[in-house]
Amino acid sequence: MANILIIDDSPTDVRVLTTLLERAGHQVASVGNAEEGIERVRSAPPALVIMDVIMPGMNGFQATRTLTRDPATSEVPIVMITTKAMETDRVWGLRQGARAFITKPVNEGELLACINQLLASAA
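Positions in the sequence shown are counted from 1; adding 17 to them yields the working numbering.
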């Protein structure tokens with residue numbers, strides 16, 4: 018299927034998402050902060066990024082904006098997954114360039130449908 022990069026500082030969330038995505042046939046890598054995630058996307062662009070919002074240092078909104086405004090990485094779709102459930106957070110995430118915004122706890126069917134749609138439209 019696809020190479021997916023998870024950028025999230027929570028080992029528990031990374032483990033849950035990795036299991037779910039690998040079960041669906043994807044290859045998964047992860048990093049624990051936004052700065053490392055940006056470097057990883059620049060050096061080896063994945064097919065898709067799953068981005069947490071609340072992280073130490075640079076947050077997911079800032080990282081998404083950085084990646085989507087860089088011509089070298091702007092085509093990589095970003096799905097934000099966060100506990101921030103306010104409509105203003107969703108709107109802000111999409112304004113930063115995220116292609117989708119999903120709140121935790123993640124619904125497996127919703128996430129996989131979203132990923133499949135984004136991967137199909139990128140192909």
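Virtual Cβ for every residue (Gly too), placed ideally from N, Cα, C.
What are the boundary residues of the alpha helix (DSSP H) that includes Ala137?
Here the question's residue 137 lines up with position 120 in the sequence shown. Counting along the chain, the alpha helix (DSSP H) containing Ala137 begins and ends at Glu125 to Ala139.
Would you list the one or two residues that DSSP bridges to Leu65?
Locating residue 65 in the sequence shown gives position 48, where the first residue counts as 1. Ile21, per the DSSP bridge assignment.
Assign Ile55 to one of three DSSP states: helix, strand, or coil.
Locating residue 55 in the sequence shown gives position 38, where the first residue counts as 1. Here Ile55 sits in helix by DSSP.
Verify whether the separation of the beta carbon atoms of Ile55 and Thr83 is less than 7 angstroms.
Numbered from its first residue, the sequence shown carries residue 55 at position 38. Numbered from its first residue, the sequence shown carries residue 83 at position 66. Yes, they are a contact pair.
Leaving out the 5 sequence neighbours to the left and right, which residues in its chain are closer than 8 angstroms to Ala19 when beta-carbon positions are compared?
Residue 19 sits at position 2 when you count from the first residue of the sequence shown. Within the same chain, Ala19 has close Cβ partners His43, Gln44, Pro63, Ala64, Leu65, Ile132 and Leu136.
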